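Each residue of the sequence shown is one higher than the one before, starting from 742 at the first, in this note's numbering. Heads up, the beta-carbon is just placed ideally off N, CA and C, and yes, glycines get one too. Please read all numbers here as calculations on a predicted model, not as lab measurements. Structure first, commentary second.
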Amino acid sequence: MKTFLCWGISKLEGLFGLLIWPAMFIIGDKEQLIFNQQGQLNADGWILFLTAIIGAAIPAIFTAIYAIKHFDEVTSYSMLFHLSRSSMLDSKIKYFFRTLFVAGLNWTLVIFIVGLFCI
């Protein structure tokens, strides 16, 4: 299971690329429910947006911590070669924040897509 989770964490950027398409199609379909006439978010849109952002923070933090604890399994040696000018600690810090950001985006999209179906 640990190997599967590490493999999934290493593929987060690709998952974001796949999730953005259904999100855009659903937002386009539900546009009149979350945007007002001027193209700004209405109350339902803001509530959904803030819920998605806040709800994504906790699992994103856990994902980033898990990725750092299992840094050797999640990353490849090619990444270390790419970051060869930096120390191992510097690489881990950069990887932590990148994983935190990308996992946060993925969780935000998932929550946002589910929330759009509930409006």
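*From the DSSP output, read off the bridge partner residues of F766.*
In DSSP, F766 forms no bridge with anything.
* To do: Would you mind sorting W848 into buried or exposed? The rule is 16 or more other CB atoms within 10 Å of its CB.
  => By the Cβ-count criterion, W848 is buried, with 16 or more other Cβ atoms from all chains shown falling within 10 Å of its own Cβ.
(request) Measure the Cβ-Cβ separation of L746 and Y807 and say whether it is below 8 Å. (result) Going by C-beta atoms, L746 is nearer than 8 Å to Y807.
### Task
Look up F776 in the DSSP assignment and give the residues it is bridged to.
L782.
Query raised in the report: Would L789 be called buried (16 or more neighbouring beta carbons within 10 Å of its own) or exposed?
Result: Within a 10 Å sphere around the beta-carbon of L789 sit 16 or more other beta-carbons, which makes this residue buried.
- Message: Can you find the residues in the same chain that come closer than 7 Å, C-beta to C-beta, to N783, ignoring five residues on each side of it along the sequence?
- Response: Taken in chain order, the residues that qualify are I775, F776 and N777.
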